[in-house]
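*Asks:* Dropping the structure in here first, questions after.
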Amino acid sequence: MSDAHVIKYLKGEQIFHVGDSANCAYIVESGEIALFSDTKEGDLIATLEKGELLGEMGVINGLDRSVSAFANTDVELLVIDSEQITMRLQNSDPIIRGVMEVLLRRIRNMLGDGDSTNSKNNIVVTEGMHKIRFEKEMFLAFDNDEIINVYQPMVSLEDGEIAGFEALSRWRHPEKGMISPFEFISLAEESDFIVPMGLKIFDSACKQLVEFQAIRDQANVGSPPLFMSINVSAAQLAAANFLNEVKKIATKYAINPSNIKIEITESMVVDYKSVQSWIDECSEFGFKLSLDDFGTGHSGFEHLLELDFHTIKIDQTFVKSMTSNPKSLILLEMITTMAQRMKMSIVAEGIEDLNSANKLKEMGVNYGQGYYFFKPMNRHDLLKIL
Ligand code: C2E
Ligand code: CA
Ligand code: CA
């Protein structure tokens, strides 16, 4: 550590005064500091010793010093550049930043320094507060059954029949209308709320499969059983009880677990050891595992090598560009051949035209999903087409 970053003060010297601009914070390396509300004749607020942080408040909220600091003994201070703290803060969870801002403002008010409206970081408060509010709304929506599933059929490319569905969640907001999972799933993942939410999604999807299967049985006896694909994210895999709970749900509805496919996104599997045991236990129970968004991450092939997936789901980007970019076609052929040789079932998603559907069928892709066949639909509309 360069000495240039260590500043020394002699006993009795002032380090900063109320109203000074706050361009850095310090860690006390040795000695003792006293914080006063103004001069040494003012109120003593705190004394700080080795290892403690000094002057962080102004750095965090971009305001002037709200107290005065004096050396009680000879002291050495390690200078912490403000960027070191503000950059971390900018990259941190907006909710944590929001809470921190509120706390700082409250402390400043307690110190009698109420004018914190000009903080250059005030934007952070608004963003953080917005997120806290949205999260709270999401919790309430969950309790009010506003988080629902829609189902997108997957079609057997061989005969054009509906073979199964993917459960996709939606937030049916009373004022904003349907909110996309892109807007709330990641928020639910951050707070681990995805665990109870995911269980409810799983429960509805299983319940729905039973009904769809009953309709199918009436209409078309003898066709293979329908399957339901359900998205599961990393935070859910990590939750201790998640697998036990989903097993219970499948048992409750007397569903053959082999008709449930758990979709895991390629990019989310990072720690093989922990995921491996999860996947093994899942397969032992009979659930099928599907590797979602294949081709988008950088470790898809490694996943195939290390983990046992039943199904590979080719990402939409390849399918969308197959008519315009010949290289996409080559990649698709390669992925399909590989999956076939590994005896895996193949789904192509994002199919939007007949031409692509036909090409994928020729290649040997088993199932197709996309707007060309069906958009995600609610139960009511699906009952009609089944
Ligand atoms: P995903 O699993 O890759 O789901 C496929 C997305 O592509 C869906 O978007 C679907 O509506 C859309 N899609 C399907 N066919 C087409 C097509 O032909 N063209 C186009 N342009 N899009 C198509 P959606 O429903 O907005 O879901 C977005 C993502 O949110 C999902 O991507 C999934 O990662 C996540 N998600 C959705 N529901 C859940 C859930 O219940 N749990 C978890 N953990 N994640 C979910
Ligand atoms: Ca999916
Ligand atoms: Ca996908």
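The sequence shown maps to residues 592 to 977 in our numbering. Even glycine gets a Cβ: it sits at the ideal position worked out from N, Cα and C.
1) By DSSP, does Phe833 sit in helix, in strand, or in coil?
2) Are Leu778 and Met729 closer than 8 Å when you measure CB to CB?
3) Check whether the Cβ of Glu857 sits closer than 7 Å to any heavy atom of ligand 2, and report yes or no.
4) Enumerated in chain order, which unbroken segments of the beta strand (DSSP E) with a length of 3 residues or greater are wholly contained in the segment 727 to 799?
5) Can you give the Cα-Cα distance for His721 and Cys873, rounded to whole angstroms?
6) Under 7 Å from any heavy atom of ligand 1, does the C-beta of Phe773 make it?
7) Roughly how many whole angstroms lie between the Cα atoms of Gly633 and Gly610?
8) May I ask you to report which of helix, strand or coil DSSP gives Glu875?
9) Taking all protein chains shown into account, do 16 or more other C-beta atoms lie within 10 angstroms of the C-beta of Ile851, making it buried, or fewer, making it exposed?
10) Less than 8 Å between the CB atoms is what I'm expecting for Ala660 and Leu645, so what's the real figure, rounded?
11) Following the continuous beta strand (DSSP E) through Phe978, name the residue where it begins and the one where it ends.
12) When you compare the segment 772 to 791 with the segment 733 to 744, are there three or more beta-carbon pairs, one atom per stretch, that lie closer than 8 Å?
13) Measuring straight from C-alpha to C-alpha, what distance separates Phe900 and Leu882?
14) Would you call the segment 766 to 773 and the segment 808 to 821 touching, i.e. three or more CB-CB distances under 8 Å?
15) Give the DSSP-derived three-state secondary structure of Gly959 in the structure shown.
16) Considering only the beta carbon of each residue, do Ala825 and Met788 sit closer than 8 Å?
17) What does the Cβ neighbour count give for Lys950, buried or exposed, with the cut at 16 atoms within 10 Å?
18) Within the same chain, show all residues whose beta-carbon is closer than 7 Å to that of Asn709, passing over the 5 residues directly before and after it, in chain order.
19) When the Cα of Leu639 is compared with those of Ile624, Asn957, Glu757, His971, which residue comes out closest?
20) Please name the residue in Ser947, Lys864, Gly751, Leu759 whose C-alpha comes closest to that of Asn969.
21) Under 6 Å Cβ to Cβ from Thr856, same chain only, skipping five residues before and after it: list those, please.
22) Is the beta carbon of Asp906 within less than 7 Å of some heavy atom of ligand 2?
23) Can you tell me which of Ala829, Ile905, Glu897 puts its alpha carbon nearest to the alpha carbon of Trp869?
24) Comparing the C-beta of Gly751 with each C-beta of chain C, is any distance below 8 Å?
25) Around the C-beta of Glu604, are 16 or more other C-beta atoms found within 10 angstroms, so that it is buried, or is it exposed?
26) Any chance the segment 913 to 930 sits against the segment 959 to 976, with 3 or more Cβ pairs inside 8 Å?
27) In this structure, does DSSP put Lys641 in helix, strand or coil?
*Replies:* The short version:
1) helix
2) yes
3) no
4) 738 to 747, 753 to 764, 768 to 770
5) 38 Å
6) yes
7) 15 Å
8) helix
9) buried
10) 6 Å
11) There is simply no residue 978 to check, as the chain begins at 592 and stops at 977 in what is shown.
12) yes
13) 6 Å
14) no
15) strand
16) no
17) buried
18) Annotation note: pLDDT 47 at Asn709 (below 50); position unreliable, coordinate value reported separately. Nothing listed; no residue qualifies.
19) Ile624
20) Leu759
21) Asp883, Asp884
22) no
23) Ala829
24) Here there is only one protein chain, and chain C is not present.
25) exposed
26) no
27) coil
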